[in-house]
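Okay, structure first, notes after.
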Amino acid sequence: MPIKAFLFDLDGVIVDTAIYHYQAWKRLANELGFDISEEFNEQLKGVSRTDSLAIILAHGNLTLPDEEKTRLATQKNEWYLELVSRMTSDDILPGVPAFFSQVRQLGLLTALGSVSKNAPLILERIGMSNVFDAIIDGNKISKGKPDPEVFTKGAAELGVQPAECVVFEDAVAGVEAGKRGGMFVVGLGSPDVLTQADFVRPSLEAFTVEELLSQIEIDAKAV
Ligand code: BG6
Ligand code: MG
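Counting from 1 along the sequence shown, just add 102 to a position and that's the residue number in this note's numbering.
Laid out in structure tokens, this is it:
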């Protein structure tokens, strides 16, 4: 099936907010009396706010009542919002604007597939609210990554089949979501971390859309 649509994760793919999520969670863990490393943070990437908190509390061997968990998640989000409040279009990751102009020239459809409830705010801050043909964010889904819902909803909203979509992801959970959704997945990061991805490059700067599409064709013929 020819590729018709590209579905993009937000944090760590379009904009470098992954670092701010990490800083805010680290601050929360430190206040609770333990630390989280960058390596530990890989399992939080792409995972919803509530699920991330559950992973962190388990790491610190803490069991807390629901009201306390709600308070902690709200606190983390306040710190995160402080960190992102000064973001502008200068914070768009290198290679994104050039990649999107190739995507437009080829007439491919685009969707955002992010589990972040802050996605609309971030898109507004970086001036990308009107770039996507469909936006699926944390306010529109009931299951976070690695469940494929965020991507299958994106494909449905664009009116395309999963096999006609390419997902762009920086997170282990997001790569899994794309694969479970039946899509070709481009991992942006390290091949040692994003082991389930079909094609891995350090960033959107490292390849062209044409190069990717010919690789997908070669892979399809090899099956
Ligand atoms: C994902 C991030 O995009 O959104 C995760 O990779 C984050 O780190 C998740 O936990 C939820 O985001 P938010 O903004 O709703 O807390
Ligand atoms: Mg991400």
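Glycine is no exception: its CB is placed at the ideal position from the N, C-alpha and C atoms.
Element boundaries [beta strand (DSSP E), containing residue i]
i, result
"I238", "236 to 238"
"V252", "First-last for V252: 251 to 260, but that is the alpha helix (DSSP H), not the beta strand (DSSP E)."
Whole-Å CB distance - residue i paired with residue j, under 8 Å assumed
i, j, result
"D300", "V311", "That belief does not hold up - the Cβ atoms of D300 and V311 are roughly 15 Å apart, past 8 Å."
"D272", "G135", "In fact, because the Cβ distance is near 29 Å, the residues do not count as touching under 8 Å."
"F253", "F108", "Rounded, the Cβ-Cβ distance is 11 Å, inconsistent with contact."
"A279", "D235", "Their Cβ separation, rounded to whole angstroms, is 20 Å, which puts A279 and D235 out of contact at 8 Å."
"L296", "V274", "7 Å"
Backbone CA spacing between residue i and residue j [nearest angstrom]
i, j, result
"Q263", "G162", "42 Å"
"F309", "A200", "11 Å"
"D168", "A156", "11 Å"
"P196", "D118", "10 Å"
"V233", "T165", "42 Å"
"Y182", "H123", "6 Å"
"D321", "A175", "42 Å"
"E319", "K247", "27 Å"
"N241", "R206", "27 Å"
"L112", "S150", "13 Å"
"I121", "A324", "38 Å"
"A160", "G215", "27 Å"
"T152", "L208", "38 Å"
"K178", "A126", "6 Å"
"S292", "V217", "22 Å"
"T172", "L223", "21 Å"
"D193", "A221", "14 Å"
"G256", "L315", "20 Å"
"I116", "M230", "10 Å"
"T202", "E313", "The question names Thr, but residue 202 in the sequence shown is Phe. Those two C-alpha atoms are separated by around 14 Å."
"K128", "Q298", "27 Å"
"R303", "E184", "31 Å"
Boundaries of the alpha helix (DSSP H) in which residue i is found, first to last residue
i, result
"V205", "198 to 207"
"E226", "221 to 227"
"S82", "Past the boundaries of the shown model lies residue 82; the chain is included only from 103 to 325, so the question cannot be answered."
"F136", "Counting along the chain, F136 falls outside any alpha helix (DSSP H), and DSSP gives it neither H nor E."
"E170", "168 to 186"
"Q317", "311 to 324"
"S218", "From DSSP, S218 is part of no alpha helix (DSSP H); its letter is neither H nor E."
"S154", "151 to 161"
In DSSP terms, what residue i is bridged to
i, result
"V302", "G289"
"A213", "L109, A236"
"F270", "F110, V288"
"V117", "D113, I194"
Cβ neighbour criterion (16 or more within 10 Å) applied to residue i
i, result
"M103", "exposed"
"L225", "buried"
"G283", "buried"
"S244", "exposed"
"R188", "exposed"
"E251", "buried"
"G148", "buried"
"E144", "buried"
"T190", "exposed"
"D239", "buried"
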